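K.L.:
One structure follows; several queries about it will come next.
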Amino acid sequence: MKETKKNELIKFIGDLDVKEQEIIYNILSKARKKGEISEFSIIHESLKTDLEDMMKQGFEFQELSSVKAPPLIKNYNDVEKFLLPQDYLPLPFSLDKILKSRRSKREYSGKPLSLRELSTLLYFSYGIRRYTSAYNTSKFPLRMAPSSGGLQSIELYLAANKVDELKKGIYHYNPIEHSLELIYEGNFRRKLVNLCVNQEFIHDSSAIIILSCVMERLLWKYKIRAYRYIHMDAGFVGENVYLTSTALKLGTCAIAGFFENELNNLLNIDGKNEFITLLMSVGKLQEKE
Ligand SMILES: Cc1cc2nc3c(=O)[nH]c(=O)nc-3n(C[C@H](O)[C@H](O)[C@H](O)COP(=O)(O)O)c2cc1C
Numbered sequence: 012m013k014e015t016k017k018n019e020l021i022k023f024i025g026d027l028d029v030k031e032q033e034i035i036y037n038i039l040s041k042a043r044k045k046g047e048i049s050e051f052s053i054i055h056e057s058l059k060t061d062l063e064d065m066m067k068q069g070f071e072f073q074e075l076s077s078v079k080a081p082p083l084i085k086n087y088n089d090v091e092k093f094l095l096p097q098d099y100l101p102l103p104f105s106l107d108k109i110l111k112s113r114r115s116k117r118e119y120s121g122k123p124l125s126l127r128e129l130s131t132l133l134y135f136s137y138g139i140r141r142y143t144s145a146y147n148t149s150k151f152p153l154r155m156a157p158s159s160g161g162l163q164s165i166e167l168y169l170a171a172n173k174v175d176e177l178k179k180g181i182y183h184y185n186p187i188e189h190s191l192e193l194i195y196e197g198n199f200r201r202k203l204v205n206l207c208v209n210q211e212f213i214h215d216s217s218a219i220i221i222l223s224c225v226m227e228r229l230l231w232k233y234k235i236r237a238y239r240y241i242h243m244d245a246g247f248v249g250e251n252v253y254l255t256s257t258a259l260k261l262g263t264c265a266i267a268g269f270f271e272n273e274l275n276n277l278l279n280i281d282g283k284n285e286f287i288t289l290l291m292s293v294g295k296l297q298e299k300e
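Taking the numbering used here, the leading residue of the sequence shown gets 12, the next gets one more, and so forth.
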C-alpha cells in the first residue's frame, strides 16, 4: 500500500471514537472468520510506528531524565500482606546445565512449595535488583527481567494452592516490599483449571504465577508499538520463571490457553488497560525412583 494512502487510513482510524473502532474491528473479525482477509497482517501492519515521525516530534530513545513515568508498580493497600523471607536459596552457577535441562513440566508431586522456594523464585524472576536514577526519579527500580524502556509493564499475581505458611488464595506480588498481597482468600484450583480450558495438570501445581500487561506504562512512550513490546516484556519474565524454577528443581509450564474475559474478571482487572497474558504453573517434581 502506498505510504500516503496508508497514512490517510491510519489518521482516519485514529480519529474514530472507541465505539466506531469496535464496529470496524467487528467487520474485520467477520471477514476473517469467512477467510476473506488476513486479520493478522492488518493488525501487524497497524502496529507499526513510524519511528522517524516519532523522532521528529522530539522523542528521544534514551532514559528520559526529565520525564516522569506513570506508576510502575501496583499497590494493594488495606489488604493482608505476607512479607517473603529474603534469605534466598542459592542458585547453582551452571547456566549451561540449566538451559539444557529446562523443559515445560506438567507432572507435579502435589507436595507443598516452601516459602523460601517461592520467595527465591519470585525474587530472581522479577524482583528488584537495585535502584537507580531515571525518569526524573532518584529511586527508580531495576528488575531482574529486562523490559522496554525499563518501564516494567508486567505485573505478577500468584494463586497459592499449596505453599507452606501461606493461606490459599490469590495474591499480588509487591516487589518493593518483596511481599504478597492477599486479594482473595480461598481454594482456586478447580476454577483455574476450568478457566485454562480444562488443562487438568494445573490442578496438582502448588502455585500459579499469573502475568498481566499494563498498557499505560508503555503507551505514553511507544504509542501503538507498545502492544508489540509488552508481549516481549512478558516473555522475558516468563523465561526467568522457567530458568529459576529449573535451578530450584521445580517444575513449571507456561499456559497461554485460557478464557481471557473470565480470568481478567477474576482478578478484577479491566482487560483493556491491564490484561492477563500468561500463566505459569509451578510445582514440586515427582521424585525419580
Ligand atoms: C507462550 C506459550 C504458551 C504456552 N501455552 C501452553 C498451554 O496453554 N498449555 C501447555 O500445556 N503448554 C503450553 N506451553 C508450553 C509449550 O507447549 C512448550 O514450551 C513447548 O512444547 C516446548 O517444550 P519445552 O518448553 O519443554 O521446551 C506454552 C509455551 C509458551 C511459550
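In this text, a Cβ means the ideal position worked out from N, Cα and C, and glycines have one as well. Here the structure is a predicted model, which means the values were calculated and not measured.
In whole angstroms, give me the CA-to-CA distance for Arg-117 and Phe-269.
P.N.:
One C-alpha to the other measures close to 16 Å.
K.L.:
According to DSSP, His-183 sits in a beta bridge with which residue or residues?
P.N.:
The partner list for His-183 (beta bridge, DSSP) reads Tyr-168 and Glu-192.
K.L.:
Closer than 5 Å is what we want: which residues have a beta carbon that near any heavy atom of ligand 1? List them in chain order.
P.N.:
Matched residues: Arg-114, Ser-115, Ala-265, Ile-266, Ala-267 and Gly-268.
K.L.:
Any idea what DSSP makes of Leu-102, helix, strand or coil?
P.N.:
Correct three-state label for Leu-102: coil.
K.L.:
In the DSSP assignment, the beta strand (DSSP E) including Val-225 goes from what residue to what residue?
P.N.:
Note, Val-225: beta strand (DSSP E), 218-225.
K.L.:
What's the call for His-55, buried or exposed, on a 16-neighbour Cβ count within 10 Å?
P.N.:
Exposed is the call here.
K.L.:
Would you mind sorting Glu-271 into buried or exposed? The rule is 16 or more other CB atoms within 10 Å of its CB.
P.N.:
Glu-271 should be labelled exposed.
K.L.:
Let me know if Tyr-36 comes out buried or exposed under the rule of 16 or more other beta-carbons within 10 Å of its beta-carbon.
P.N.:
By the 10 Å Cβ count, Tyr-36 comes out exposed.
K.L.:
Could you say if the region 76-84 and the region 152-168 meet the contact criterion of at least three C-beta pairs nearer than 8 Å?
P.N.:
Taking 8 Å as the limit for Cβ pairs, the verdict is that the region 152-168 does touch the region 76-84.
K.L.:
Are Arg-113 and Tyr-253 closer than 8 Å when you measure CB to CB?
P.N.:
Yes, they are a contact pair.
K.L.:
Could you spell out the range, first to last residue, of the alpha helix (DSSP H) harbouring Thr-288?
P.N.:
Thr-288 -> not in any alpha helix (DSSP H); beta strand (DSSP E) instead, spanning 285-295.
K.L.:
By the three-class DSSP mapping on this structure, what secondary structure does Gly-262 have?
P.N.:
Here Gly-262 sits in strand by DSSP.
K.L.:
Assign Ile-24 to buried or exposed, taking buried as 16 or more other Cβ atoms, counted over all protein chains shown, within 10 Å of its Cβ.
P.N.:
Counting Cβ neighbours within 10 Å, Ile-24 comes out exposed, since fewer than 16 surround it.
K.L.:
Just mark Met-291 as buried or exposed, buried being the case when its beta carbon has 16 or more other beta carbons within 10 Å.
P.N.:
By the 10 Å Cβ count, Met-291 comes out buried.
K.L.:
Measuring alpha carbon to alpha carbon, tell me which of Asn-147, Tyr-142 and Lys-59 ends up nearest Tyr-233.
P.N.:
Ranking the options by Cα distance to Tyr-233, first place goes to Lys-59.
K.L.:
Which class does Val-248 belong to by DSSP, given the choice of helix, strand or coil?
P.N.:
Reduced to three states, the DSSP call for Val-248 is helix.
K.L.:
With a cut-off of 8 Å on the beta carbons, I'd call Asn-251 and Tyr-168 a contact; round off their distance for me.
P.N.:
That pair is no contact at about 16 Å.
K.L.:
Please report whether the beta-carbon of Leu-277 lies at a distance below 8 Å from any beta-carbon of chain D.
P.N.:
This model lacks chain D altogether; it includes just one protein chain.
K.L.:
Kindly list the residues whose CB is nearer than 7 Å to the CB of Glu-192, restricted to its own chain and excluding five residues on each side of it in sequence; keep chain order.
P.N.:
These residues qualify, in order along the chain: Tyr-87, Val-90, Lys-92, Tyr-182, His-183 and Asn-185.
K.L.:
Give me the DSSP bridge partner(s) of Thr-143.
P.N.:
Phe-151, per the DSSP bridge assignment.
K.L.:
Got a sec, what are the start and stop residues for the beta strand (DSSP E) Leu-94 sits in?
P.N.:
Where Leu-94 is concerned, the enclosing beta strand (DSSP E) stretches over 92-94.
K.L.:
So, under 8 Å CB-CB, Ala-237 and Met-226 are touching, yes? Tell me the CB distance rounded to an integer number of Å.
P.N.:
Right, their Cβ atoms sit about 6 Å apart.
K.L.:
Check whether the region 192-212 and the region 99-111 are in contact - that is, three or more C-beta pairs closer than 8 Å.
P.N.:
Touching, no, given that fewer than three Cβ pairs across the two stretches are closer than 8 Å.
K.L.:
Less than 8 Å between the beta carbons of Leu-124 and Lys-173, yes or no?
P.N.:
Result yes, Cβ atoms of Leu-124 and Lys-173 sit closer than 8 Å.
K.L.:
To the nearest angstrom, how far is the alpha carbon of Leu-203 from that of His-214?
P.N.:
Spanning the two alpha carbons is a distance of roughly 8 Å.
K.L.:
Considering only residues of the same chain and omitting the five flanking positions on each side of Leu-27, which have a CB-CB separation below 8 Å?
P.N.:
The answer, listed in chain order, is Ile-35.
K.L.:
Spatial neighbours of Lys-316 within its chain, please: C-beta separation below 6 Å, excluding the five flanking residues on both sides.
P.N.:
Nothing about residue 316 can be reported from this structure: the residues present for the chain run from 12 to 300 only.
K.L.:
Check whether the Cβ atoms of Thr-288 and Ser-223 lie closer than 8 Å to each other.
P.N.:
For Thr-288 and Ser-223, yes; Cβs fall inside 8 Å.
K.L.:
Rounded to the nearest angstrom, what separates Ile-48 and Ser-40 at their Cα positions?
P.N.:
Their backbone Cα atoms lie some 9 Å apart in a straight line.
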